Amino acid sequence: QKVHGTSKGSVYYLVARNARVRVAARIYKAGSISIRAEWQEATPDELEKLKAAGLVMKAEYASLHLDPAGVPASRIIGAFVMGTGIEWQEVVKSGAELVVENS
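Be aware that the sequence shown starts at 9, since it is given in the numbering used here, and climbs by one per residue.
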């Protein structure tokens, strides 16, 4: 599922969600990764967990930009999603499900 970023043409792909929080990632061919979280009625605990995971918090979304130095995107995203401690209803199940941009 596509999630649009704040910049025109910026598209992220859903990697985890529950009823209140959605986390999406944008993976660049060059290897960098951007992670974005959006929410509606997220609990204070969920917001604190996103912040503790390293996301830069804004009013309606949060983001994190990484250069993983050769570590596969699936490992970075898996560690991030599991490391939040948030209970997810749906999570990407394998690296094969991740979309890598050509740019």
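No residue lacks a Cβ here, since even glycine has one placed at the ideal position from N, Cα and C. If you're wondering where the values come from, they're calculated on a predicted model, not measured in any experiment.
| Hey, how far is the Cα of Glu95 from the Cα of Val29? | As a position in the sequence shown, residue 95 is number 87, starting the count at 1. As a position in the sequence shown, residue 29 is number 21, starting the count at 1. Rounded to the nearest angstrom, the two C-alpha atoms are 10 angstroms apart.
| task | Determine contact between the region 96 to 105 and the region 68 to 76, defined as no fewer than three beta-carbon pairs at a distance below 8 angstroms. | result | Cβ pair count under 8 angstroms is below three, so no.
| By the 10 Å Cβ neighbour count, where 16 or more other Cβ atoms means buried, how is Ser18 classified, buried or exposed? | Translated into the one-based positions of the sequence shown, residue 18 becomes position 10. Classification of Ser18: exposed, given that the 10 Å Cβ count is below 16.
| In the region 10 to 62, which residue ranges form an unbroken alpha helix (DSSP H) of at least 4 residues, counting only runs that do not cross its ends? | Listed in chain order, the complete alpha helix (DSSP H) runs (minimum 4 residues) inside the region 10 to 62 are 52 to 60.
| field | For Glu109, three-class secondary structure by DSSP | value | Here residue 109 corresponds to residue number 101 of the sequence shown, with the count starting at 1. Glu109 falls in the strand class under three-state DSSP.
| request: Tell me whether Val89 sits in a helix, a strand or coil according to DSSP, three-state version. | output: Translated into the one-based positions of the sequence shown, residue 89 becomes position 81. In this structure, Val89 counts as helix in the three-state DSSP scheme.
| message | If I follow the unbroken beta strand (DSSP E) through Ala70, where does it start and stop? | response | Looking up residue 70 in the sequence shown gives position 62. That run of the beta strand (DSSP E) goes 69 to 74.
| request: For Glu98, write down the residues that DSSP places opposite it in a beta bridge. | output: For the purposes of this step, residue 98 is taken as residue 90 along the sequence shown, with counting starting at 1. Note: Glu98 sits in a beta bridge opposite Arg25.
| query | Do you know whose CA, among Ala38, Pro52, Glu46, lies nearest Val108's CA? | reply | Indexing the sequence shown from 1 puts residue 108 at position 100. Closest by alpha carbon: Ala38.
| field | Beta-carbon spacing of Ala32, Arg44 below 9 angstroms | value | Mapped onto the sequence shown, residue 32 falls at position 24. Mapped onto the sequence shown, residue 44 falls at position 36. Cβ distance < 9 angstroms, so Ala32 and Arg44 count as in contact.
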